[in-house]
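Student: Starting off with a structure, shown below.
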Amino acid sequence: MIVVDACDEWSPLREVVVGTAYGAMFPAEDPRMIEATMPREHWAEFRPGHPFPSRIVEAAEQELQALAETLESLGCVVHRPRRVPWSGLGGYCAAMPRDSLLVMGNRVVEAPMAWRSRRHELLAYGALLQQFRRSGAHWLPSGVDLAVDPLTSGPSRSGHWVIGEDRPAWDAADFLRLGPRTILGQLSHVTNRSGIAHLRSRLGPDTRVHLVQPDDPHAMHIDATLCPLREGLALYNPERLDPAQLGGSPMEGWELVPAPLPAPRDSPPLYMTSAWVCMNLLVVDHQHVLTEARDEKLQELLVSYGMTPLALPFRNVQALGGSFHCATLDLRRDRRSAEARG
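Oh and the sequence shown: position 307 is 407 in the working numbering, straight run, nothing missing.
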């Protein structure tokens, strides 16, 4: 039986979903969204019916399988999404479960995602959602009419974002869990103010959603800007965030460590992200952190803070739009262990 209970990013991981690259398609979004969020040199790839190169998808699936096996070897229960033929649905993929579902305590919240290509993503998790309900977890569907396009009304009240406020929109990867009642998030090209209000209403008054606004004109997902390693310690992206911006936030007083500049890379292409996807780490427990095999400077930094990097090849998954954090969804982290530790 699945047990759902996770409220931070660092307590020992016990149960997790690992995504699948099967059938990955370039998301055919409105050109305004693509131009706001995707690397310019790859804009032409984002057209209807266009799959990612098969060699990348096949290699990414092997990398995800290796990740699942590594987590199982560390004592985690691993679940995988069902394979869905995304090409017939105008979809994207199920490689990034972190984006569409948010787990907070024993609640699983469906994100009312802004992208049209992601409206059917729950099809990959149907069997898991049934298990959530049977296990006593609280399943909270978005309740939002996803047929309403959040781009239709032009710029939002939030400033320069391409989505408006016609309906609530948020991606779960725009938020980090910092404790049983604390979430830190950001506005972005996929998360609007009505989306923040929607998330607050779904979680209720006992959970506070705090906002920080990094200096990132292409903002979409916070987990390549901030990465909590343990309570009181986090990596930050020095190109997007001034630590002073976290004053007054739940991370005020934390030790904030600038991540090293990522090494240049050519292959496979980063179709959907910058090289800062290297910060998209998964903390397994108080010691172990999953990193891409060739991010050696980052691994050295983690070692200097008493952590043990688990280095796995993951560049083909990164070509699909995310890394270890995006490609997983924590279902259960051992809070008791964290509390006993400190």
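Don't be surprised by glycine CBs; every beta carbon is placed ideally from N, CA and C. Bear in mind that the values here come from a model prediction, so they are computed numbers and not experimental data.
Are the Cβ atoms of F175 and C107 separated by less than 8 angstroms?
Tutor: Taking the first residue of the sequence shown as 1, we reach residue 175 at position 75. Taking the first residue of the sequence shown as 1, we reach residue 107 at position 7. Checking the sequence, you will find Gly at residue 175 rather than Phe. No. Outside cutoff.
Student: Which residue wins for smallest C-alpha separation from L284, given the options L329, F232 and L346?
Tutor: Within the sequence shown, numbered from 1, the residue matching residue 284 stands at position 184. Among L329, F232 and L346, the Cα nearest to that of L284 belongs to L346.
Student: Where does D245 fall in DSSP's three states?
Tutor: Position 145 of the sequence shown holds residue 245. In the structure shown, D245 sits in coil (DSSP, three-state: anything other than H, G, I, E or B).
Student: Just curious, the alpha helix (DSSP H) that G285 is in, first and last residue?
Tutor: Residue mapping note: residue 285 aligns to position 185 of the sequence shown, counting from 1. Taken as a continuous stretch (DSSP letters only), G285 belongs to no alpha helix (DSSP H), being part of the beta strand (DSSP E) at T282 to G285.
Student: If you draw a straight line from the alpha carbon of M138 to that of Q387, how long is it in whole angstroms?
Tutor: Within the sequence shown, numbered from 1, the residue matching residue 138 stands at position 38. Within the sequence shown, numbered from 1, the residue matching residue 387 stands at position 287. C-alpha separation (whole angstroms): 34 angstroms.
Student: Who are the near neighbours of L189 in its chain, counting only those whose CB is closer than 6 angstroms to its CB and skipping five residues on each side?
Tutor: Working through the sequence shown from its first residue, we reach residue 189 at position 89. Result list for L189: H220, in chain order.
Student: DSSP has P328 in a bridge; who is on the other side?
Tutor: As a first step, residue 328 must be located in the sequence shown, where it is residue number 228. A334.
Student: Beta carbon of L390, beta carbon of L381: below 8 angstroms?
Tutor: Residue mapping note: residue 390 aligns to position 290 of the sequence shown, counting from 1. Residue mapping note: residue 381 aligns to position 281 of the sequence shown, counting from 1. Going by C-beta atoms, L390 is nearer than 8 angstroms to L381.
Student: When burial is assigned at 16 or more other CB atoms within 10 Å of the CB, is W143 buried or exposed?
Tutor: Here residue 143 corresponds to residue number 43 of the sequence shown, with the count starting at 1. Classification of W143: exposed, given that the 10 Å Cβ count is below 16.
Student: Give me, in chain order, the residues of the same chain whose beta-carbon lies closer than 6 angstroms to that of Q418; leave out the 5 immediate sequence neighbours on both sides.
Tutor: By 1-based counting over the sequence shown, the position of residue 418 is 318. Excluding sequence neighbours, Q418 sits near V377.
Student: Could you spell out the range, first to last residue, of the alpha helix (DSSP H) harbouring R155?
Tutor: Numbered from 1 along the sequence shown, position 55 holds the residue referred to as residue 155. First-last of the alpha helix (DSSP H) with R155: S154 to S173.
Student: Is the beta carbon of V104 sitting closer than 8 angstroms to the one on R433?
Tutor: Taking the first residue of the sequence shown as position 1, residue 104 is located at position 4. Taking the first residue of the sequence shown as position 1, residue 433 is located at position 333. No, Cβ-Cβ distance for V104 and R433 is not below 8 angstroms.
Student: Any heavy atom of the ligand PLP within a distance shorter than 7 angstroms of the CB on Q165?
Tutor: The ligand PLP is not part of the structure shown, which contains no ligands of any sort.
Student: Between which two residues does the alpha helix (DSSP H) carrying E396 extend?
Tutor: Position 296 of the sequence shown holds residue 396. Where E396 is concerned, the enclosing alpha helix (DSSP H) stretches over E396 to S404.
Student: Please state whether the Cβ-Cβ distance between Y336 and L361 is less than 8 angstroms.
Tutor: Numbered from its first residue, the sequence shown carries residue 336 at position 236. Numbered from its first residue, the sequence shown carries residue 361 at position 261. Their beta carbons are not under 8 angstroms apart, which means Y336 does not touch L361 by this criterion.
Student: Within the stretch 341–367, note down every full beta strand (DSSP E) run reaching 3 residues or more, in order along the chain.
Tutor: For the stretch 341–367, whole beta strand (DSSP E) runs of length 3 or above, ordered along the chain, are 355–358.
Student: Would you check if the distance between the CB atom of V290 and the CB atom of D266 is smaller than 8 angstroms?
Tutor: As a working mapping, residue 290 is identified with position 190 in the sequence shown. As a working mapping, residue 266 is identified with position 166 in the sequence shown. Cβ distance not < 8 angstroms, so V290 and D266 don't count as in contact.
Student: What does the Cβ neighbour count give for M101, buried or exposed, with the cut at 16 atoms within 10 Å?
Tutor: Position 1 of the sequence shown, counted from the first residue, corresponds to residue 101. M101 comes out exposed.
Student: Looking at the unbroken beta strand (DSSP E) that takes in V389, where does it start and where does it end?
Tutor: For the purposes of this step, residue 389 is taken as the residue at position 289 of the sequence shown. Start and end: H388 to E392.
Student: Helix, strand or coil for F275? Go by DSSP, reduced to three states.
Tutor: Taking the first residue of the sequence shown as 1, we reach residue 275 at position 175. DSSP places F275 in strand when its eight states are reduced to three.
Student: Taking just the CA atoms, how far does S374 sit from T325?
Tutor: Numbered from 1 along the sequence shown, position 225 holds the residue referred to as residue 325. Numbered from 1 along the sequence shown, position 274 holds the residue referred to as residue 374. Going from the Cα of T325 to the Cα of S374 covers about 11 angstroms.
Student: Out of L223, A128 and P314, point me to the one whose CA is closest to R182's CA.
Tutor: The residue labelled residue 182 in the question sits at position 82 within the sequence shown. For R182, the nearest C-alpha among the options comes from L223.
Student: Excluding the 5 residues flanking R198 on each side, which residues of the same chain have their C-beta closer than 8 angstroms to its C-beta?
Tutor: As a working mapping, residue 198 is identified with position 98 in the sequence shown. Hits under 8 angstroms: A272, A273, D323, G422, H425, C426, A427, T428 and L429.
Student: Considering Cα atoms alone, identify which of Y192, C193, M213 and G191 is closest to L201.
Tutor: Position 101 of the sequence shown, counted from the start, is the residue given in the question as residue 201. When each option's Cα is compared against that of L201, the closest is M213.
Student: Is the stretch 365–372 touching the stretch 396–413, taking contact as three or more C-beta pairs under 8 angstroms?
Tutor: With the cut-off at 8 angstroms, the stretch 365–372 and the stretch 396–413 do not touch.
Student: Counting along the chain, where does the beta strand (DSSP E) carrying A237 start and finish?
Tutor: On the sequence shown, residue 237 is found 137 positions in, with the first residue counted as 1. No beta strand (DSSP E) holds A237; DSSP gives it neither H nor E.
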